[in-house]
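Enquirer: After the C-alpha cells below, expect a handful of questions from me.
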Amino acid sequence: MLTLALAPLGSIAIYSEIENWHTQKTAFETGLIARTIETVTGQRALLESAMLSADTLSPLVADRLENTTACSAFLESFIAESGFYSFAGFIDARGQMACISEGEPVDFSQSEGFAAASANPRASFSFQPSGVITGRPVVLINRPVFDGDTFLGFLSISISRRTFDMIATMPDSETSPRVSFLVNHQGQTLTSADKPDAEDFLPQPAIMQEMISARHGVFSSISVAGKERLFSVAELVPGQLFVLGSWNVDESRSFNLWRVGFPFLMWLASVAVVMFAVNYMVVRHLRHINTQLRRFALGNREEFQRLPDEAPAELREIDSTFTKMARLIRRDEVEREDALREKTVLLKEVHHRVKNNLQLIASILNLQLRRITDSDARNILHGVQARVRSLASIHRRLYEQDRISNSNATEFFETILRETLTLAQSKQSGLKVETEFEPVILPPDKIIPVALLFAEALTNALKHAKPPRADAPPLLRISFAARDGQAELRVRNSVSDTGNEAVSYGLGQELMTAFALQVHGEFESGAVHDDNGAGWEMRLRLGDAGLNEDGPDAVTA
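559 is the number of the first residue of the sequence shown in this note's numbering; add one for each residue after it.
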C-alpha cells in the first residue's frame, strides 16, 4: 500500500528526470553538432563559394562553347583572379574536356564515373588524390550545365588540398571533436585534419551511409579501428555535402540515462523510511498488543506489559482499554471460580451427609433385623437395606469425584457391582460374572436414577440366577455401551434350561420402570434364549434425549 501511495510521486519524479534528461541530451547533441560545424567553417565557405562561382560561370561558359580557345581563356582568367581555385574546366556531354583553364584537352568518354554522373546530372563534391591536370590532391566541385532541358555537360572547379589546409579552422582541444571530416553524399571524405591516423576515427562504411541518410544527429558506433566512438553529423549543402565529427565516448558519460535511476532510488528510500517509521511507531506496538491478546486468549492471565510512553496515544489508549478489560475478566473469573469451588464444596458436603445418613439408616435397619424373627419381615427389611446401601454407595461415589458436573456411569456400576457381590457371596456360591463396560458419561440428574435402576436389576438378577445346566455355575452377564448415539445397559442372569422358574414382578420391577421413565429411557425385561442358553434379561436404552457430550475420550449418554 505504501508503494502504491508513493507511486504517483515516484512516477512524476522519474518522468521529470526523463524529460530533463531528454532536454539536456538534445542540448548536448546540438552543442556537439554546432562545434563540429564550427571546425569546418572556412572550408565550408570555400566550397559554397566555389559552387556559387560554378553557378555564375555556367551560362557564360555555355555561350563560349563554340570557341574553345575563347572559352579556355575565359576560365584561365577566372582562375587567375580567384586566388583560391587551382583549375576550372568544362566536360561536354560526350565526355570531352576541351575548355580548360590550363593543360591539354582530356577525354572522359570511357570513364565510369563520368557515365554514372551523366546518367543522373546533379551538383556534387568529390576528392581526387591526384588531379588529372594538376597532378595534386584536389577537391572537385562539379555542376551540370543545361541549355533549357538539354544537358550540355559539367563545369568542374578544383581546389587544392593545400588551400584547404590554409583556411582550416584551428580546433580547440577542449571543445572540438577529435577529428572532423567533410563528406559527400556517397560517404567519400573530402578532407580531414592533418593526422596520420585520421581514417581510423571514421565509422564503418555501412554505418557511414546510415548517418548520411539521417543527415543530422549524434550516433554512437564502432570506428574503423574497432573502438566505440561518438559521431556527430550535420548537412552543410542539402543532399551534397556533410560534416562528420568523431568524439571520445567520455564526452557523453555525464548524460547517461542512469540519472533516471536517482528518483527511483529516492522513491525506494522513501518507501523504506515510511515502512521503518510505520513499523517503529505503529506495527511493533500493534504486534505487542496482538501478542498480549493471544496470550490472554490462550489462558495466560499474568499481568500485561504496558506499551512504552513513545507509542502513539491512540495505541496506548487501546492498550489501556484492553488491560482494564482483562483485569475485569480476571476478576470475574476468580469470583466465578470461587463461587464454583464453594458450590462444589457444598454439593460434596451434601453428598457426604446424605451418604452418612443413608449408612446410618442401613445400620438402624440392621439393628432392627436382629430383633425380627419373622422371615417375611426380614426379607422386606433386607431389600430395603440393600437399596439404602446402594443409594449410599452412589452418594459416596459422587462425593469422591473431582468433577461432579458429569460422571462416568461405568465407575458407579463397578462400585455397586463390587459391593452387591460382596453381600451376595454368602447366599450365592459359584456365581460366574461377566462384565463389558465402556466409558459413558451421564449428567448428575441422570446418573442417580440409572445407578439405582442398575442396583435393582443387579439385585433381581442375583436373586433369580440359576445354573443353566447341572454341570455349569450360575451366570451373570452385565454390559453397558453406547452405539450410534444410544447408550444401552443390559443385565442378564441365567436360568435353568427346564424353564420352570417363575419370576415375580414385585417392588423392584416397579422401581426400575419408574427410574427408566425418570431418565426418558426404554426399559424392557423378559426371558431370552440364545447361544448362551436360557436366561432373564433387563435392558435400558437411553436415546438422544438422554445424551450429553462431554469430552473427546468418553461416550456420553
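All C-beta atoms in this analysis are idealised placements derived from N, C-alpha and C, irrespective of residue type, glycine included. As the structure is a prediction and not an experimental result, all values here were calculated from the model.
1. If you drop the 5 nearest sequence neighbours on each side, which residues of the same chain put their C-beta closer than 8 Å to that of residue 968?
2. To the nearest angstrom, how far is the alpha carbon of residue 792 from that of residue 806?
3. Taking the beta strand (DSSP E) that residue 999 belongs to, which residues open and close that run?
4. In terms of alpha-carbon separation, which member of 883, 600, 863, 585 lies closest to residue 739?
5. Enumerate in chain order the residues of its own chain whose CB-to-CB distance from residue 609 is below 6 Å, with the five nearest sequence positions on each side excluded.
6. What do you get for residue 1007, buried or exposed, if any count of 16 or more other CB atoms within 10 angstroms of its CB means buried?
7. Using C-beta distances below 6 Å, list every residue in its chain close to residue 694, excluding the 5 sequence neighbours before and after it, in chain order.
8. Under a Cβ-count criterion, where at least 16 other Cβ atoms within 10 Å of its own Cβ denotes burial, should residue 1135 be classed as buried or exposed?
9. Rounded to the nearest angstrom, what separates residue 640 and residue 647 at their Cα positions?
10. Let me confirm a value: residue 573 is counted as buried when at least 16 other C-beta atoms fall within 10 Å, else exposed. Which label applies?
11. How would you write the range of the alpha helix (DSSP H) that residue 1070 sits in, first residue to last?
12. From the DSSP output, in three-state form, read off residue 542 for me.
13. Thinking just about the alpha-carbon of each residue, which of 643, 642, 676 is nearest to the one in residue 654?
14. Can you check whether the CB of residue 952 is closer than 8 Å to the CB of residue 1016?
15. Tell me the residue span of the beta strand (DSSP E) that contains residue 880.
16. Are residue 1054 and residue 1031 close, meaning C-beta to C-beta below 8 Å?
17. Cα separation between residue 611 and residue 577?
18. Let's see if you can read the secondary structure: which residues bound the alpha helix (DSSP H) around residue 942?
19. Helix, strand or coil, according to DSSP, for residue 849 in the structure here?
20. Could you tell me which residues DSSP puts in a beta bridge with residue 1008?
21. Tell me which same chain residues have a C-beta within less than 7 Å of the C-beta of residue 1099, skipping the five on either side of it?
22. Where does the unbroken alpha helix (DSSP H) through residue 1048 begin, and where does it stop?
23. Start and end of the alpha helix (DSSP H) containing residue 1092?
24. Of the residues 834, 865, 1073, which one's Cα is nearest the Cα of residue 846?
25. Quick one: residues in its chain with C-beta nearer than 6 Å to the C-beta of residue 782, no 5 flanking neighbours on either side, listed in chain order?
Expert: According to the structure data:
1. Taking the sequence shown and counting its residues from 1, the one referred to as residue 968 is at position 410. Excluding positions up to five away in sequence, the list reads 995, 996, 997, 998, 1038.
2. Here residue 792 refers to the residue found at position 234 of the sequence shown. Here residue 806 refers to the residue found at position 248 of the sequence shown. Approximately 18 Å, taken between the alpha carbons.
3. What you label residue 999 is simply residue 441 of the sequence shown in a count that begins at 1. Looking at the DSSP string, the run of the beta strand (DSSP E) that includes residue 999 is 998-1000.
4. Position 181 of the sequence shown holds residue 739. Closest by alpha carbon: 600.
5. Position 51 of the sequence shown, counted from the start, is the residue given in the question as residue 609. In the same chain as residue 609, and ignoring 5 residues on each side of it, the C-beta atoms closer than 6 Å to its own belong to 699, in chain order.
6. Within the sequence shown, residue 1007 is the residue found at index 449, counting from 1. That one is buried.
7. Along the sequence shown, read from residue 1 onward, the residue named residue 694 stands at position 136. 718.
8. It is not possible to answer for residue 1135, since the shown part of the chain is limited to 559 through 1115.
9. Taking the sequence shown and counting its residues from 1, the one referred to as residue 640 is at position 82. Taking the sequence shown and counting its residues from 1, the one referred to as residue 647 is at position 89. Whole-angstrom Cα-Cα distance: 14 Å.
10. To locate residue 573, count along the sequence shown from 1; it is residue 15. By the 10 Å Cβ count, residue 573 comes out exposed.
11. Numbered from its first residue, the sequence shown carries residue 1070 at position 512. Looking at the DSSP string, the run of the alpha helix (DSSP H) that includes residue 1070 is 1065-1076.
12. Given that the chain is displayed from residue 559 to residue 1115, the structure contains no residue 542 and the question cannot be resolved.
13. Residue numbering aside, residue 654 sits at position 96 when the sequence shown is read from its first letter. Closest by alpha carbon: 676.
14. Stepping through the sequence shown from its first residue, residue 1016 is reached at position 458. Stepping through the sequence shown from its first residue, residue 952 is reached at position 394. No, Cβ-Cβ distance for residue 1016 and residue 952 is not below 8 Å.
15. In the sequence shown, the residue the question calls residue 880 occupies position 322. Segment 871-929 is the alpha helix (DSSP H) holding residue 880; no beta strand (DSSP E) there.
16. Here residue 1054 refers to the residue found at position 496 when the sequence shown is read from its first residue. Here residue 1031 refers to the residue found at position 473 when the sequence shown is read from its first residue. No, these two residues do not count as a Cβ contact at 8 Å.
17. The residue given as residue 611 occupies position 53 in the sequence shown. The residue given as residue 577 occupies position 19 in the sequence shown. Cα to Cα, residue 611 sits roughly 46 Å from residue 577.
18. As a first step, residue 942 must be located in the sequence shown, where it is residue number 384. Segment 933-958, the alpha helix (DSSP H) holding residue 942.
19. Counting from 1 along the sequence shown, the entry for residue 849 is found at position 291. In this structure, residue 849 counts as helix in the three-state DSSP scheme.
20. Counted from its first residue, the sequence shown places residue 1008 at position 450. Bridge pairing for residue 1008: absent [DSSP].
21. Here residue 1099 corresponds to residue number 541 of the sequence shown, with the count starting at 1. 1044, 1046, 1079, 1080, listed in sequence order.
22. By one-based count along the sequence shown, residue 1048 stands at place 490. First-last for residue 1048: 1044-1052, but that is the beta strand (DSSP E), not the alpha helix (DSSP H).
23. Here residue 1092 refers to the residue found at position 534 when the sequence shown is read from its first residue. First-last for residue 1092: 1091-1100, but that is the beta strand (DSSP E), not the alpha helix (DSSP H).
24. Stepping through the sequence shown from its first residue, residue 846 is reached at position 288. Selection 834, 865, 1073 evaluated against residue 846 yields 865 as nearest (Cα-Cα).
25. By 1-based counting over the sequence shown, the position of residue 782 is 224. Cβ neighbours of residue 782 within its own chain (closer than 6 Å, five residues either side excluded): 758, 760.
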